[in-house]
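S.K.: Below is the structure I would like to discuss, written out as structure tokens.
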Amino acid sequence: MERNSSIELYRIIATLAVLVFHFNGWLVGGMPKHFDIDHISVFRISQAIIESCSCICVNMFLVISGYFGIHLKFQSVLRISLLLLFVLVPFYVIDCLVYDKTFLYKEFVRQFMVISSGGYFVQCYFLLMLFSPILNSFVEKYERKEGLYFVLLLVLVEFWFDCITHTDYMGFRYGFSALHFIIVYMVARYVNLYKQELVKYKKEYWIFAYLICTSIILLMYLSGVNYIWQYSNPIIILSAVCSFLPFIYNSFYNKWINWIASSTLAVYIIHVNVPFYNVLVEYDTFILTHYKYPTYLFLAALGVICVFIISIIYDKIRLIITDPILKYVMCLYNSRLNGKACS
Numbered sequence: 098m099e100r101n102s103s104i105e106l107y108r109i110i111a112t113l114a115v116l117v118f119h120f121n122g123w124l125v126g127g128m129p130k131h132f133d134i135d136h137i138s139v140f141r142i143s144q145a146i147i148e149s150c151s152c153i154c155v156n157m158f159l160v161i162s163g164y165f166g167i168h169l170k171f172q173s174v175l176r177i178s179l180l181l182l183f184v185l186v187p188f189y190v191i192d193c194l195v196y197d198k199t200f201l202y203k204e205f206v207r208q209f210m211v212i213s214s215g216g217y218f219v220q221c222y223f224l225l226m227l228f229s230p231i232l233n234s235f236v237e238k239y240e241r242k243e244g245l246y247f248v249l250l251l252v253l254v255e256f257w258f259d260c261i262t263h264t265d266y267m268g269f270r271y272g273f274s275a276l277h278f279i280i281v282y283m284v285a286r287y288v289n290l291y292k293q294e295l296v297k298y299k300k301e302y303w304i305f306a307y308l309i310c311t312s313i314i315l316l317m318y319l320s321g322v323n324y325i326w327q328y329s330n331p332i333i334i335l336s337a338v339c340s341f342l343p344f345i346y347n348s349f350y351n352k353w354i355n356w357i358a359s360s361t362l363a364v365y366i367i368h369v370n371v372p373f374y375n376v377l378v379e380y381d382t383f384i385l386t387h388y389k390y391p392t393y394l395f396l397a398a399l400g401v402i403c404v405f406i407i408s409i410i411y412d413k414i415r416l417i418i419t420d421p422i423l424k425y426v427m428c429l430y431n432s433r434l435n436g437k438a439c440s
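Residue numbers (the working numbering): 98 to 440.
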């Protein structure tokens, strides 16, 4: 079954949003926690606007996963593991050679433990995959109001303990947690369940709602509210859902969109791991320091595009190597299940 290219296009946009979000803040030292009203500049205002538009990036991926539902399969876990293996291991070797670091065999071996070495997103998503059969069963059992109210209650609980009281021992961690991944996944499952009711509204309404959410996030930051950018902010969750809904109205197929979208996870993993990450930090800091802001925006956008293209190319080359491995392992796995020899 061919994937809907409308959703795959949204997946590409989500990936670009991650890159923009990181270039705009993380790579240059992060966003200031407080907006300095006494030292207003074009840079800080523009940075806040871009951050408000792109801060939904991780939730965008979770909404896609929740809308379609994750179906836990050995092949899916193996596919992600092979991707991580062919990023983490060679990147560690390159990092040692380029930055003249001491090669540690223990660290080298640790890179082969791909799930535990892949960063927070991979670890949280892996746990989400493990819990997905239970979560899917919950939605099937509590299809309508009871389940929806419970999920909305979870959103409010996360909001209260993570955004208001900042209670660390609850485990929400500003959205960098498996609990948050589960909550947004469940929200999106119910979006799918209520899609017939949702598509009765014009898709322009959802675009407008996304812009309203973005404006609220921006105004909250400019007015001095703390912890605006965290993924657990319910307005950011709502904004991600609103940004997704216009893409479910139409269905079409484009092989190039699907071909590119199939490697978007690689883009995320590649650009957050050293030494690639170190190069991006140096580049982003250099252009911000040495050029006027309009030129910086152009060069940063160019950097986002280059990172995206390079990562896609790397992953397509990687697939030439790993696809035969994946097919062989799956052949052995299926032969054990079916009791037939692997042909």
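Each residue gets a CB set at the ideal place from its N, CA and C atoms; glycine is no exception. The structure displayed is predicted, hence computed values, not measured ones.
Return yes when the Cβ of residue 279 is within less than 9 angstroms of the Cβ of residue 152, no when it is not.
M.R.: Sequence index remark: in the sequence shown, residue 152 carries index 55 (1-based). Sequence index remark: in the sequence shown, residue 279 carries index 182 (1-based). Contact: no.
S.K.: Going residue by residue through the region 122 to 170, where are the continuous alpha helix (DSSP H) segments of at least 4 residues, counting only ones entirely within it?
M.R.: Complete alpha helix (DSSP H) runs here, min 4: 139 to 151 and 154 to 165.
S.K.: What residues in its chain sit with their C-beta under 8 angstroms from that of residue 363, if we drop five residues either side in the sequence?
M.R.: Along the sequence shown, one-based indexing puts residue 363 at 266. Hits under 8 angstroms: 180, 184, 408, 409, 411, 412 and 415.
S.K.: Measure the alpha-carbon distance for residue 205 versus residue 169 and round it to whole angstroms.
M.R.: Taking the sequence shown and counting its residues from 1, one reaches residue 205 at position 108. Taking the sequence shown and counting its residues from 1, one reaches residue 169 at position 72. When rounded, the distance between both Cα atoms is 29 angstroms.
S.K.: Starting from the C-beta of residue 385, find all residues in its chain whose C-beta is less than 7 angstroms away, skip the five residues before and the five after it, and write them out in chain order.
M.R.: Locating residue 385 in the sequence shown gives position 288, counting from the first residue. Once the five neighbours on either side are set aside, the close Cβ partners of residue 385 are 125 and 393.
S.K.: Under three-state DSSP, which class holds residue 419?
M.R.: The residue labelled residue 419 in the question sits at position 322 within the sequence shown. Looking at residue 419 - three-state DSSP - the assignment turns out to be helix.
S.K.: Within 8 angstroms, do at least three Cβ pairs link the region 150 to 164 to the region 115 to 123?
M.R.: Contact holds: three or more Cβ-Cβ distances are below 8 angstroms.
S.K.: Tell me the start and end of each unbroken alpha helix (DSSP H) in the region 290 to 346 that is at least 4 residues and wholly inside, in chain order.
M.R.: List check, alpha helix (DSSP H) in window: 292 to 295, 300 to 319 and 331 to 341.
S.K.: What is the rounded straight-line gap between the Cα of residue 234 and the Cα of residue 286?
M.R.: Within the sequence shown, numbered from 1, the residue matching residue 234 stands at position 137. Within the sequence shown, numbered from 1, the residue matching residue 286 stands at position 189. Answer to the nearest angstrom: the Cα atoms are 11 angstroms apart.
S.K.: Taking the alpha carbon of residue 108 as the point to measure from, which residue in 139, 309, 149 and 342 has its own alpha carbon closest?
M.R.: As a first step, residue 108 is located in the sequence shown; it is residue number 11 there, counting from the start. The candidate whose alpha carbon is nearest that of residue 108 is 342.
S.K.: Using only alpha-carbon positions, find the residue among 370, 382 and 400 that is nearest to residue 187.
M.R.: Here residue 187 corresponds to residue number 90 of the sequence shown, with the count starting at 1. The residue with the shortest Cα to Cα distance from residue 187 is 370.
S.K.: Quick one: what's got a C-beta closer than 8 angstroms to residue 133's C-beta in the same chain, skipping five residues either side?
M.R.: Here residue 133 refers to the residue found at position 36 of the sequence shown. Correct list, in chain order: 141.
S.K.: Report the residue from 101, 103, 114 and 102 whose alpha carbon sits nearest the alpha carbon of residue 398.
M.R.: Taking the first residue of the sequence shown as 1, we reach residue 398 at position 301. Among 101, 103, 114 and 102, the Cα nearest to that of residue 398 belongs to 114.
S.K.: Does DSSP put residue 269 in a helix, in a strand, or in coil?
M.R.: As a first step, residue 269 must be located in the sequence shown, where it is residue number 172. Coil, per DSSP.
S.K.: Closer than 7 angstroms by C-beta to residue 264: which residues in its own chain qualify, once you throw out the five before and the five after it? Chain order, please.
M.R.: Here the question's residue 264 lines up with position 167 in the sequence shown. Taken in chain order, the residues that qualify are 258.
S.K.: Sorted by chain position, which residues of the same chain lie with C-beta nearer than 7 angstroms to residue 245's C-beta, five sequence neighbours on each side aside?
M.R.: In the sequence shown, counting from the first residue as 1, residue 245 sits at position 148. Once the five neighbours on either side are set aside, the close Cβ partners of residue 245 are 287.
S.K.: Could you tell me the alpha carbon to alpha carbon distance between residue 418 and residue 223, rounded to whole angstroms?
M.R.: Position 321 of the sequence shown, counted from the start, is the residue given in the question as residue 418. Position 126 of the sequence shown, counted from the start, is the residue given in the question as residue 223. Distance between the alpha carbons of residue 418 and residue 223: 23 angstroms.
S.K.: Tell me where the alpha helix (DSSP H) around residue 222 begins and ends.
M.R.: Here residue 222 refers to the residue found at position 125 of the sequence shown. Here the alpha helix (DSSP H) through residue 222 covers 217 to 238.
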